[in-house]
Amino acid sequence: MAERVLTFAEALQTVLAQARVVPAPGEYESVPLQDATGRVLAAAVRAERDQPPFDRATRDGFALRAADVGEELKVLGSVRAGEAWPGSVLEPGEAVEIMTGAPMPAGADAVVMVEHTALANGLLKVEAGRTLHAGENVVPRGAEARKGDSLLPVGRVLGAAEIAVAASCGCAQLPVFARPKLAIVATGDELVELGSADLSAAQIYNSNSHALAALARAEGGFAGRLPIARDNRHDLRERIAQGSMWDLLVLSGGVSMGRFDLVEEVLAEFGAEFFFTGALIQPGKPIVFGRLPKQGSQPGEWTYFFGLPGNPVSTQVCFHLFVAPLLRALAGRTEIAPVFVEARLAESVKGGAKVTRFLPAELTSAWDSVTVRVVGWQGSGDVTANACGNCYCVLPAGVEAFAKGETVRVLMR
Ligand code: AMP
Ligand code: MG
């Protein structure tokens, strides 16, 4: 089989290009607003009326005509949030006490803050020397949105800010896309499922399936853990056949150069198309990415797959870099790229690698500085060191050394 090993940038571009052409989920459901967090909007939320729906006072004070500042004004009464001023149009020389969030009385064009006024015997005086312009402390009707405007587009992932918009439009339910289905297959003769009674000294627990399920759920996917595949063609064929009925198949292990690393070979038997068979990254170099004809579906429908290296830190880094963007696209999201930020190195780090490195690291943000410190580790099998960090420090290929205080990129997780 022809190898296709890409640089990190090329591999990411390849995944993002595929992500752009995956179809949005065909199914959606309606969920109560409180269950919508993390889901992806399947139909735009539109303003059901102008927002604000009336000229809204933004300060506690007095509604008046800005041109009247400087004169003594007659206070006619008071209007609070939730009420409408029952009186007629404000005439020159008149004012109405008003609370934040209340509709402006007709005829008034500004609000003077209560702390800038003095009131005696029903007569209002604005502090000497203070000026007020028309529109001050008022948000006009429709300034935030007009009735019918799209406020949240299809494909937006729903967080608190989006839920506030939906609630402000009176939406108690929201249409969201069905979760994409991700099949997880751990491969390896040495693996034992949790709960097994005895574990020999040479065996290890299958942690990757659980990590991948947690990562997939955090990205809005539905994760199914298939039974462990042993390092033989029979098991791999069975699991890949099963996994190719899902939207995305993620395998861990069995993609390196070992004699029992058979994942690519068996994927090829299923007619897999490989977009790449390796990336110049560390950890994660043997990663493979491609697609298979989707079982039980129309021709032209695909199951995307990733074969991730089995070392747990490689598995997780590759998920953040490559699997997550594709999964987000399959979930119908429009914002899919991994998030990188910049920070200053807290300590110097050796460079000189020929690949882009993603080292477990701890990002510390204080008010005036954001620093990142690479955590000590025993290599890409070190799940514990990985859990001591909260991000990955990105070290580009070919740079000899990274000095303390230098700005580097950080992959957020
Ligand atoms: P492989 O990519 O299959 O060569 O595996 C690389 C390393 O990762 C080996 O030390 C494996 O024991 C370990 N490994 C593979 N799969 C898992 C898994 N599901 N959970 C934990 N460790 C694993
Ligand atoms: Mg293996």
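One point on numbering: in my numbering, the residue at position 179 of the sequence shown is 179, and numbering is uninterrupted.
Even for Gly, the Cβ is constructed at its ideal location relative to N, Cα and C.
For clarity, every value in this text was computed on a predicted model and none was experimentally measured.
For R413, no alpha helix (DSSP H) run applies, since DSSP gives it neither H nor E. Each residue's CA atom was taken as its position, placing V5 and I281 some 10 Å apart.
Here F289 is buried: its Cβ has 16 or more other Cβ atoms, across all protein chains shown, within 10 Å. With contacts defined as CB atoms closer than 8 Å, F402 and V349 qualify as a contacting pair. Under a 10 Å Cβ-count criterion, C388 is classified as exposed, with fewer than 16 other Cβ atoms of the shown protein chains found around its own Cβ.
Distance from the Cα of A17 is smallest, within the candidate group T334, A223, L363, P32, for T334.
For I204, the number of other beta carbons within 10 angstroms of its own is below 16, and it is reported as exposed. Per DSSP, R80 lies in no beta strand (DSSP E) and is assigned neither H nor E. In this structure, K354 keeps its C-beta atom at 8 Å or more from the C-beta atom of A385. If you check the CB distance, P180 and A331 come in under 8 Å. The ligand AMP approaches L191 closely enough that one of its heavy atoms is under 7 Å from the residue's Cβ. For F54, the three-state secondary structure derived from DSSP is coil. Looking from the CA of G253, the closest CA among S244, A268, L236 belongs to L236. At least one heavy atom of the ligand MG lies closer than 7 Å to the C-beta of G254.
Here DSSP, grouped into helix, strand and coil, assigns R225 to strand. Inclusion of T187 in the 7 Å shell around the ligand MG follows from its C-beta lying nearer than that to a non-hydrogen atom of the ligand.
At a threshold of 7 Å, G310 counts as near the ligand MG, since its beta carbon sits closer than that to one of the ligand's heavy atoms. T384 carries a helical assignment under DSSP once its states are collapsed to helix, strand and coil.
Bounds of any alpha helix (DSSP H) do not take in Q173; it lies within the beta strand (DSSP E) bounded by 173-177. Linking V375 to A36 through their CA atoms gives a straight-line distance of about 36 Å.
When the beta-carbon positions are compared, A110 and E91 stay at least 8 Å from each other.
A direct Cα-to-Cα measurement between G101 and E83 gives close to 10 Å. Distance from the C-beta of G381 to the nearest heavy atom of the ligand AMP is below 7 Å. Residues of the same chain with their beta carbon placed closer than 6 Å to that of S196 are lacking, with the five preceding and five following residues left out of the count. Exclusion of the five residues before and after E190 leaves A202, Q203, I204 as the residues of its chain whose Cβ lies within less than 7 Å of its Cβ. Relative to the Cα of A161, the nearest Cα in the group S207, Q13, G38 belongs to G38.
A straight line joining the alpha-carbon of A19 with that of A329 spans about 5 Å. Within the chosen limit of 7 Å, the ligand MG reaches the beta carbon of D231 through at least one heavy atom.
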